[in-house]
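Protein chains in written order, with my numbering: chain A, 1 to 127; chain B, 128 to 329.
Ideal Cβ positions, reconstructed from N, Cα and C, are used throughout, including at glycine.
A short worksheet on the structure shown next.
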Amino acid sequence: MLRAGCPSQRRLTLIRCLAKYKSMSLVFKALSDPTRRRVLELLRQRPMSAGELAGKFKVSKPTMSAHFAVLREAGLIASEKQGQTVIYHLQLSVLEEAMLGFAQAFGWELRNAKEPAPPMMKSEISK
Amino acid sequence: MTSSSPVRPPLALFVAVGGLIVMALGGAAAGLTGRFDHALGLRYFGVFMGLLMIISGNALPKLSQPHTAGAARTADRLAGWLFVLGGLAVVAQWIWWAEASRIQVASATGLAIFAVVLLLTLILTADGRPATAAPGRNYASMSRRILFHILHAVMWVFAIFLFASSGDKHTLSWMVVLFTASMAIMDVCLTAPWRKPRAPVE
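Written out as structure tokens, the structure reads:
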């Protein structure tokens, strides 16, 4: 067991600290879901509230909150509280935007075999 | 308004600036030994400038202020893409262009990218709607200010490279003076706090 303050413990802390700054696996995970990619596309138009975004998808609000959490953890969106409302805005670097474009073009999807297909947007159902 | 997203120091930017300082000191030390090939060192330095341009351009849209209008965000995105693609062109020219005109071509390309970015930014933000900020808050965050300083320095390096070929020592001296002055002016513009609240943007 490492004692606090010993060199090995300090190295481990430094590695953990550096790893927190950017984990590309979080970005890939965030971009692998079509719903989350659609959220990013919507936010590209303008910042939106959580309710406004959730209203555009045929999923429950807790599910959308989970998607927002994944996107926030990957650093792709930032949130801001305005009174009772949470406003999300896009925070993509050029590389992440290029990855989003590739993911949309090639239909990246990371799903377990038992997971259901992603829900259709309300606008697509009405067509 | 409060932001619930975590604030991370710009590690990549510190690494870039640190790398630049290490390169400069290392090159100076190697030059003193007499074993340093000036042309090769210049090529490495030019490639590093291109890489700085790419790294800074990549980070620029991510550091967009949350209170800025849509046009300003679009300008950030376009500028980011132009710096990344332009930086790739600059790096390629420093590596593969003919030695006789390498410095001039790469530097001119870099300066052209900066000119296009400035022009596009002016056009897109021509309606003059400023960012909103609480009184006493600066317009640009620390990360954004560091990024602007790095891009500003890279732009001046391209300009100095381009005009250094004239061989006139006075030109170089004046360019260093102008660089120092413009750096100070830019720092004041970026750090000056708002005195009164502005009209909210859509």
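R37/A is positioned such that its CB atom lies no closer than 8 Å to that of L43/A.
For A186/B, the nearest beta carbon of chain A is closer than 8 Å to its own beta carbon. One thing to note: V218/B has its Cβ within 8 Å of the Cβ of G177/B. Sixteen is the threshold: since fewer than 16 other Cβ atoms of the shown chains lie within 10 Å of the Cβ of M24/A, the residue is exposed.
At a cut-off of 8 Å, the C-beta of Q84/A has no neighbouring C-beta in chain B. Chain order gives no chain A residues near V304/B, where near means a beta carbon separation below 7 Å; the closest approach is about 34 Å. Per DSSP, E80/A is one residue of the beta strand (DSSP E) stretching across 77 to 82.
Following the DSSP letters along the chain, one finds L90/A inside the beta strand (DSSP E) bounded by residues 85 to 90.
I148/B is classed as exposed because its beta carbon has fewer than 16 other beta carbons within 10 Å across all chains shown. No Cβ of chain B is located within less than 8 Å of the beta carbon of R36/A. When the Cα atoms are used, L247/B and L209/B turn out to be separated by approximately 10 Å. Taking 8 Å as the cut-off between beta carbons, none of the residues of the segment 214 to 242 of chain B comes near chain A.
Under DSSP, M48/A shares a beta bridge with Y88/A.
In the DSSP annotation of this structure, the continuous segment of the alpha helix (DSSP H) that includes G237/B starts and ends at 229 to 251.
Separation of the CB atoms of L251/B and A198/B is rounded to 5 Å, and the pair is thereby assigned contact status at 8 Å.
For W208/B, the residues of chain A that pass the 7 Å Cβ criterion are V94, in the order they occur in the chain. The beta carbon of S49/A sits closer than 6 Å to the beta carbons of T85, I87 from its chain, once the five residues preceding and following it are set aside; these are given in chain order.
With fewer than 16 other Cβ atoms from the protein chains shown falling within 10 Å of its own Cβ, I312/B counts as exposed. Judged by beta-carbon spacing, W224/B lies within the 8 Å limit of A233/B, meaning their Cβ atoms are closer than that value.
Chain A has a Cβ within less than 8 Å of the Cβ of V211/B. Contact between I181/B and V211/B is confirmed by a C-beta separation of about 5 Å, below the 8 Å threshold. Exposed is the label assigned to L167/B, since fewer than 16 other Cβ atoms lie within 10 Å of its Cβ.
Neighbours of G197/B across chain A, judged by C-beta separation under 7 Å: R46. Annotation for R200/B: S191 place their beta carbon closer than 7 Å to its own, counting only its chain and skipping 5 residues before and after. Q104/A does not reach chain B, its nearest Cβ partner there being about 16 Å away, counting only Cβ pairs nearer than 9 Å. Taking C-beta atoms under 8 Å as the contact rule, L305/B and F275/B fail to qualify, at a distance of about 17 Å.
In the structure shown, G154/B adopts helical secondary structure according to DSSP, grouped into three states. Contacts with chain A at 8 Å (Cβ-Cβ) do not include K296/B.
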